[in-house]
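Student: Keeping their order, the protein sequence lines are chains A and B.
Sequential numbering from 0 applies to the first sequence in numbering that gives the first Met the number 0.
Sequential numbering from 0 applies to the second sequence in numbering that gives the first Met the number 0.
Below: one structure in structure tokens.
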Amino acid sequence: MVIHHFPAMVLFALLVSVVFGILGRDTLRERILYGVKSFVLFVGIAILLGWIMYPFPR
Amino acid sequence: MPSETEKGRSPSRHVAGQTNNQKTASHPRPETSRLVTLCIAAWLIPGLGHWMLKKKWRALILFLAIMGMFVLGLLMQGTFFAFASPSYLERLGYLGELCAGLAMPVAKFFGYSGGNPFFISADYGTAYLVSAGMLNVLTILDAYDIALERKP
Numbered sequence: 000m001v002i003h004h005f006p007a008m009v010l011f012a013l014l015v016s017v018v019f020g021i022l023g024r025d026t027l028r029e030r031i032l033y034g035v036k037s038f039v040l041f042v043g044i045a046i047l048l049g050w051i052m053y054p055f056p057r
Numbered sequence: 000m001p002s003e004t005e006k007g008r009s010p011s012r013h014v015a016g017q018t019n020n021q022k023t024a025s026h027p028r029p030e031t032s033r034l035v036t037l038c039i040a041a042w043l044i045p046g047l048g049h050w051m052l053k054k055k056w057r058a059l060i061l062f063l064a065i066m067g068m069f070v071l072g073l074l075m076q077g078t079f080f081a082f083a084s085p086s087y088l089e090r091l092g093y094l095g096e097l098c099a100g101l102a103m104p105v106a107k108f109f110g111y112s113g114g115n116p117f118f119i120s121a122d123y124g125t126a127y128l129v130s131a132g133m134l135n136v137l138t139i140l141d142a143y144d145i146a147l148e149r150k151p
């Protein structure tokens with residue numbers, strides 16, 4: 000299965016966030032909120048780091 | 000009242016912690032053999048520990064997420080590390096993949112050759128394989144905590 004960088008990262012973040020949500024909180028609502036927060040932070044910080052590295056040459 | 004360090008935690012957990020001491024008298028600590036069996040089961044099949052503790056929805060979602068990650072790693076031709084490798088990092092990678100339980104031996108049994116490091120997505124696949132193992136470690140620890148009634 001060929002997958003590009005961004006979809007691979009998003010998929011990884013999704014699966015990890017699901018597990019974090021279930022293990023990290025106790026009630027259903029808290030699990031969902033924590034999972035979503037975790038996912039948003041994963042993807043957001045990855046994009047931010049990408050832009051921070053953008054000016055630097057290979 | 001929950002302390003500052005418990006910010007974000009459910010108040011029910013604090014209450015549960017307060018009542019744990021009261022529960023101890025009527026709910027003694029599980030036998031060590033049961034805890035060991037639980038942890039081994041949780042290691043072999045992701046989510047099985049939670050299933051044994053009657054947390055069926057959690058067990059199902061954990062199983063699907065962790066095994067889904069492992070299967071995606073296989074589809075991306077991720078590498079199976081070998082413990083006999085001279086590199087310590089590869090030995091750690093092997094242990095990480097082994098933490099996913101029976102998934103790695105079963106994949107080998109059904110003919111997975113150990114991946115293709117030159118495949119375009121292989122690096123992601125390897126990361127997925129090791130991460131599935133690491134998530135399973137968290138799952139095992141969670142099942143252990145639930146068995147000891149440290150969390151609901």
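Each residue gets a CB set at the ideal place from its N, CA and C atoms; glycine is no exception.
Note that the structure is a prediction, hence the values are computed from the model and not measured.
Tell me the rounded alpha-carbon separation between residue 17 of chain A and residue 64 of chain B.
Tutor: Cα-Cα distance, rounded: 7 angstroms.
Student: Residues in its own chain within less than 8 angstroms of residue 97 of chain B by CB, not counting five upstream and five downstream?
Tutor: Contacts found: 103 and 132.
Student: Counting only beta-carbon separations shorter than 8 angstroms, does residue 57 of chain B have a partner in chain A?
Tutor: yes
Student: In terms of residues, what are the limits of the alpha helix (DSSP H) holding residue 22 of chain A?
Tutor: 4-23
Student: Using the three-state DSSP reduction, which class does residue 69 of chain B fall into: helix, strand or coil?
Tutor: DSSP places residue 69 of chain B in helix when its eight states are reduced to three.
Student: Please specify which runs of the alpha helix (DSSP H), each continuous and at least 4 residues long, are wholly inside the region 84-128 of chain B, giving them in chain order.
Tutor: 87-97 and 102-108
Student: To which residues of the same chain is residue 33 of chain A closer than 6 angstroms at the C-beta, ignoring the five residues directly before and after it?
Tutor: 20, 23 and 24
Student: With DSSP as the reference, label residue 42 of chain A as helix, strand or coil.
Tutor: helix
Student: Does residue 0 of chain A get closer than 8 angstroms to chain B when you measure Cβ to Cβ?
Tutor: yes
Student: Does DSSP put residue 81 of chain B in a helix, a strand or coil?
Tutor: coil
Student: Could you name the residues of chain B that residue 40 of chain A contacts, counting a contact when the two beta carbons are closer than 8 angstroms?
Tutor: Those within 8 angstroms of residue 40 of chain A in chain B number zero; the least Cβ separation is about 14 angstroms.
Student: Alpha carbon to alpha carbon, what distance is there between residue 27 of chain A and residue 45 of chain A?
Tutor: 27 angstroms
Student: List, in order along the chain, the chain A residues whose C-beta lies closer than 9 angstroms to that of residue 112 of chain B?
Tutor: Here the premise fails: no neighbours, minimum Cβ distance about 16 angstroms.
Student: Out of B:58, B:88 and B:70, which one is the CA nearest neighbour of residue 40 of chain B?
Tutor: B:58
Student: Grab the span of the alpha helix (DSSP H) containing residue 39 of chain B for me, first residue to last.
Tutor: 31-43
Student: If you compare alpha carbons, which of B:126, B:129, B:76 and B:67 is closest to residue 46 of chain B?
Tutor: B:67
Student: Where does residue 77 of chain B land, buried or exposed, given buried means 16+ other C-beta within 10 angstroms?
Tutor: buried
Student: With DSSP run on the structure shown, which of helix, strand or coil describes residue 147 of chain B?
Tutor: Coil, per DSSP.
Student: In the structure shown, what three-state DSSP assignment does residue 55 of chain A receive?
Tutor: coil
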